[in-house]
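A.B. asks:
Numbering (our numbering), first residue to last: 5 to 265.
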């Protein structure tokens with residue numbers, strides 16, 4: 005990093021000096037030297053017009069990944085005047101993500117609304133709606149969270165997106181205390197998704213396990229048995245199989261006890 009520092013100090017206005025600052029910031033992030041990266045970014049900001057929107061977008065994402073949301077916002081905001089729609093779109097969404105990471109949920113929602121007003125057909129539409137749903141959920145606004153996810157159900161065509169929305173809905177319902185609704189959502193995902201597709205299996209497994217947990221809490225023992233059977237069928241080598249087998253055995257006894265006259 006000393007080489008980068010020397011170049012940046014000796015030739016601050018040269019292409020080499022400017023590139024050195026950007027490279028220093030990027031390299032510092034890669035080795036976990038966040039303070040040094042932020043210091044390099046501060047120097048970049050003093051001559052912001054000398055750097056490209058792509059560079060600020062990259063720095064913004066690195067700041068976000070390094071849990072520096074306020075610095076990420078500063079970087080993303082430098083992209084706002086770019087003529088490249090794709091860069092502006094990603095930067096606006098980056099601002100929303102940064103506000104969410106900072107716990108500023110209303111500002112995150114506002115940033116998403118700004119992005120979608122500017123780019124109503126955004127390729128980031130579904131990611132944006134998920135973020136809005138999460139922000140409302142964290143802020144304790146149950147119905148607004150459900151409404152945001154409804155847009156995914158209404159317009160989504162990709163099974164992975166629909167599964168993600170169903171899982172998110174179940175999480176909202178559980179947080180709100182609607183355990184029966186959450187159980188129904190988890191069961192719907194587990195039963196209707198396609199376990200033959202590797203990219204869907206993790207979510208299916210998580211949904212089955214969540215179904216078992218909630219059905220147990222609700223004392224719906226036949227649902228517990230059915231979910232355990234589904235798990236062992238789909239994941240015979242899963243790391244939860246032994247636990248699931250014990251849970252099933254206990255649930256079978258509960259079912260039998262409940263049917264005894």
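We put the beta carbon where it would ideally sit given N, CA and C, even for glycine.
How many Å lie between residue 73 and residue 102 at the Cα?
C.D. replies: Your numbering for residue 73 matches position 69 in the chain shown. Your numbering for residue 102 matches position 98 in the chain shown. In a straight line, the C-alpha of residue 73 is about 5 Å away from that of residue 102.
A.B. asks: Just how far apart, CA to CA, sit residue 136 and residue 173?
C.D. replies: On the chain shown, residue 136 is found 132 positions in, with the first residue counted as 1. On the chain shown, residue 173 is found 169 positions in, with the first residue counted as 1. Roughly 12 Å separates the two Cα atoms.
A.B. asks: What is the rounded straight-line gap between the Cα of residue 4 and the Cα of residue 153?
C.D. replies: Nothing in the structure corresponds to residue 4, since the chain is present only between 5 and 265.
A.B. asks: Could you check whether the stretch 196-211 touches the stretch 220-229, counting it as contact only if at least three pairs of C-beta atoms, one from each stretch, sit closer than 8 Å?
C.D. replies: The stretch 196-211, when compared against the stretch 220-229, does not touch it at the 8 Å Cβ threshold.
A.B. asks: With hydrogens ignored, establish whether the beta-carbon of residue 130 is closer than 7 Å to any heavy atom of the ligand FMN.
C.D. replies: With respect to small molecules bound, the structure shown includes none, and the ligand FMN cannot be examined in it.
A.B. asks: According to DSSP, is residue 241 part of a helix, a strand, or is it coil?
C.D. replies: Translated into positions along the chain shown, residue 241 becomes position 237. Note: residue 241 maps to coil in three-state DSSP.
A.B. asks: By the three-class DSSP mapping on this structure, what secondary structure does residue 8 have?
C.D. replies: Numbered from its first residue, the chain shown carries residue 8 at position 4. Because residue 8 carries a pLDDT of 43, less than 50, the predicted location of this residue cannot be relied on, and the following value inherits that uncertainty. Three-state DSSP puts residue 8 in a helix.
A.B. asks: What residue from 252, 100, 94 has the CA that sits closest to residue 58's CA?
C.D. replies: Reading the chain shown from its first residue, position 54 is the one you call residue 58. Residue 94 is the option with its Cα nearest to residue 58.
A.B. asks: In terms of residue numbering, what span does the alpha helix (DSSP H) encompassing residue 108 cover?
C.D. replies: For the purposes of this step, residue 108 is identified with residue 104 of the chain shown, where counting begins at 1. Segment: none, residue 108 is in no alpha helix (DSSP H) and carries neither H nor E.
A.B. asks: Is the separation between the beta-carbon of residue 120 and that of residue 139 shorter than 8 Å?
C.D. replies: By 1-based counting over the chain shown, the position of residue 120 is 116. By 1-based counting over the chain shown, the position of residue 139 is 135. No. Outside cutoff.
A.B. asks: Run through DSSP, which three-state label would residue 20 get?
C.D. replies: To locate residue 20, count along the chain shown from 1; it is residue 16. Here the model assigns residue 20 a pLDDT of 43, short of 50, so the residue's position is not dependable, and the following value carries that caveat. Note: residue 20 maps to helix in three-state DSSP.
A.B. asks: How about residue 48 and residue 68: do their beta carbons lie closer than 8 Å?
C.D. replies: Your numbering for residue 48 matches position 44 in the chain shown. Your numbering for residue 68 matches position 64 in the chain shown. No. Outside cutoff.
A.B. asks: If the criterion is Cβ atoms closer than 8 Å, does the pair residue 76 and residue 64 meet it?
C.D. replies: For the purposes of this step, residue 76 is taken as the residue at position 72 of the chain shown. For the purposes of this step, residue 64 is taken as the residue at position 60 of the chain shown. In contact: residue 76 and residue 64 (Cβ atoms closer than 8 Å).
A.B. asks: Closest to residue 238 by CA distance: which of 85, 50, 70, 200 is it?
C.D. replies: Taking the chain shown and counting its residues from 1, the one referred to as residue 238 is at position 234. For residue 238, the nearest C-alpha among the options comes from 200.
A.B. asks: Return the residue from the list 195, 202, 258, 256 that minimises the CA-CA distance to residue 234.
C.D. replies: The residue labelled residue 234 in the question sits at position 230 within the chain shown. Ranking the options by Cα distance to residue 234, first place goes to 195.
A.B. asks: Using the Cβ count rule (16 or more neighbours within 10 Å means buried), how would you classify residue 66?
C.D. replies: The count along the chain shown starts at 1 and reaches residue 66 at position 62. Buried: at least 16 other Cβ atoms inside 10 Å.
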